[in-house]
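Sequences listed follow chains A and B, in order. Note that the first sequence ends on residue 166 in this note's numbering; no numbers are left out. Note that the second sequence ends on residue 332 in this note's numbering; no numbers are left out. For each residue, glycine too, the CB sits at the ideal point set by N, CA and C. Keep in mind the model is a prediction, meaning the values are calculated, not measured.
There are 2 protein chains.
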Amino acid sequence: MKFTEAQLEFIQLWGNFGSQWGINKTMAQVHALLLTSDEALSTDEIMETLGISRGGVNTNVRELIVWNLVYKSAKPGDRKEFFVAEKDIWEVAKRITRERQRREIEPLMHHLNRLKNVDEADPQSLNFVKTVGDIERLVGRMSSASDTLMKLEENTFFGTLIRKWK
Amino acid sequence: MKFTEAQLEFIQLWGNFGSQWGINKTMAQVHALLLTSDEALSTDEIMETLGISRGGVNTNVRELIVWNLVYKSAKPGDRKEFFVAEKDIWEVAKRITRERQRREIEPLMHHLNRLKNVDEADPQSLNFVKTVGDIERLVGRMSSASDTLMKLEENTFFGTLIRKWK
DNA sequence: TAAAACTTTCAATAATTACTGAAAGTTTTA
DNA sequence: TAAAACTTTCAGTAATTATTGAAAGTTTTA
């Protein structure tokens, strides 16, 4: 299997997977392309490879920069902007986790907590408060589990480094 | 805050959260409604509360049954079908995890693995194989972390039961 | 300073995804 | 057995979401 072929397949795969998890398909594809490119790419190169418009590249790349998954990078002697992706996958995972935590989990937790102030006189509130509380606990634990995993990976990676240095 | 008000707010919240994570909004809403209802509900009651069509209720309830989150339930003296949700949130989480594992993670892992058969002669393949391999490892570990969490919860729950019995 | 090179924005449009409702199908009743 | 009660299906339509592309904006060059 030729590299370019494999890369395009990976881009498709990552795009589909992303959209199943609520991430814009094109944004995931741009990310996949940059993740698997050794060199920094220009807007025109991204347009060309993915067959999307200039506006589309601009919007999606900028969003990836907001997520802290992609950086701008200048090439000497060229005044275009070039883009590179963070290549360390554990770092990528950490940043995605962090961003979703901030954007989605925290507001969710806040709302759930507020909903527990339901009129206790109503007999239906009993099950309701339990359910909402259980979801709160579940989401909280999933959050901290993924935190733990990220930290664990950090240590494992660090461990690998140390082993290499010895 | 009145119960009904809180329940409707929860339904909205869960619907929005679901759609941010790739789950059909209406399906999440039906789920939220059943989760927070003490009694089993008929198609007409769901239509009424959520303001959606008969076809919509039918499709979404059936999908929830496939996910093993909702059961049919008969009421004596009534020939309509009624629906109840599984109320144990850890069980719910386990079943959603199981289903997404089967539908999304497994195929993803399979494809990623296949992509590692890229022509090694191409110098770009080096980074590519590393990236794909790292993603494989990451996804694998996240999977087993969530497994572990579910099992842990099972034990915690069991522990609570035991404590109560003593 | 103004033209060239490049980036950004966003209204219009396209693509995707979800929902409706009525007809067809099924089960129950009498 | 046929009418009533109920469930399912799915073509058509609506709602949502994503994309284009050209005009406006910005930066650089000479």
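Item: Quick one: what's Lys142/B bridged to in DSSP?; Value: In the structure displayed, chain B extends from 167 to 332; residue 142/B sits before or after that span and is not available.
Item: Round the Cβ separation of Leu108/A and Val139/A to the nearest angstrom and send it over; I've been treating them as touching at under 8 Å.; Value: 7 Å
Item: I want to see whether chain A comes within less than 9 Å of Arg329/B, judged by CB atoms only; does it?; Value: Residue placement at Arg329/B cannot be trusted, given a pLDDT of 49 that sits under 50; what the coordinates show is reported in the next sentence. Not one chain A Cβ lies under 9 Å of Arg329/B.
Item: Within 10 angstroms of its Cβ, does Asn226/B collect 16 or more other Cβ (buried), or is it exposed?; Value: buried
Item: For a quick check, are the C-beta atoms of Thr26/A and Gly56/A less than 9 Å apart?; Value: yes
Item: Using 9 Å as the limit for Cβ to Cβ distance, is Ser208/B near chain A?; Value: no
Item: In the structure shown, what three-state DSSP assignment does Val70/A receive?; Value: strand
Item: Following the continuous beta strand (DSSP E) through Ala251/B, name the residue where it begins and the one where it ends.; Value: 247 to 251
Item: If I'm right that Ala240/B touches Leu201/B with Cβ under 8 Å, what's the distance once you round it to whole angstroms?; Value: Actually they do not touch by this definition, with Cβ atoms about 20 Å apart.
Item: In chain B, which residues lie less than 7 Å from His111/A when you measure between Cβ atoms?; Value: Leu179
Item: Leaving out five residues before and five after Gln267/B in sequence, what residues of the same chain have Cβ atoms less than 7 Å from its Cβ?; Value: Ser309
Item: Strictly under 9 Å for the Cβ-Cβ distance: is Thr131/A near chain B by that measure?; Value: yes
Item: Would Ala28/A count as contacting chain B if we go by Cβ distances under 9 Å?; Value: no
Item: At the 9 Å Cβ level, is Ala93/A part of the contact set with chain B, yes or no?; Value: yes
Item: Does Lys25/A have its Cβ less than 9 Å from a Cβ in chain B?; Value: no
Item: Report the option in Arg79/A, Val70/A, Leu8/A, Trp14/A whose CA atom is closest to the CA atom of Glu48/A.; Value: Leu8/A
Item: Give a yes or no on whether 9 Å exceeds the smallest Cβ distance from Glu63/A to chain B.; Value: no
Item: If you compare alpha carbons, which of Lys2/A, Ile135/A, Ile23/A is closest to Phe176/B?; Value: Ile135/A
Item: Where does Ser42/A sit, in a helix, a strand or coil, going by DSSP?; Value: strand
Item: Tell me the DSSP secondary structure of Trp331/B in three-state form.; Value: Model confidence at Trp331/B stands at a pLDDT of 45, short of 50, so the residue's coordinates are unreliable; what they give is reported in the following sentence. Note: Trp331/B maps to helix in three-state DSSP.
Item: For a cutoff of 9 Å on Cβ pairs, would you count Lys168/B as touching chain A?; Value: yes
Item: Hey, is Gly306/B's beta-carbon within less than 9 Å of any beta-carbon in chain A?; Value: no
Item: Got a sec, what are the start and stop residues for the alpha helix (DSSP H) Ala121/A sits in?; Value: Premise fails: Ala121/A is in no alpha helix (DSSP H) and is neither H nor E.
Item: Check whether the Cβ of Val295/B lies closer than 8 Å to any heavy atom of the ligand ZN, and answer yes or no.; Value: Judged by which ligands are present, the structure shown has none, so any question about the ligand ZN falls away.
Item: Tell me where the alpha helix (DSSP H) around Leu14/A begins and ends.; Value: Contrary to the premise, residue 14/A reads as Trp rather than Leu in this sequence. Per DSSP, Trp14/A belongs to the alpha helix (DSSP H) from 3 to 20.
Item: Label Trp92/A either buried or exposed according to how many other C-beta atoms from any shown protein chain fall within 10 Å of its C-beta, with 16 as the threshold for buried.; Value: It should be noted that the sequence gives Val, not Trp, for residue 92/A. Answer is buried; the Cβ neighbour count reaches 16.
Item: Using a Cβ cut-off of 7 Å, pull out every chain B residue sitting near Leu115/A, in sequence order please.; Value: Ala172, Glu175, Phe176
Item: Have a look at Arg269/B and Val232/B and give me their C-alpha separation to the nearest angstrom.; Value: 12 Å
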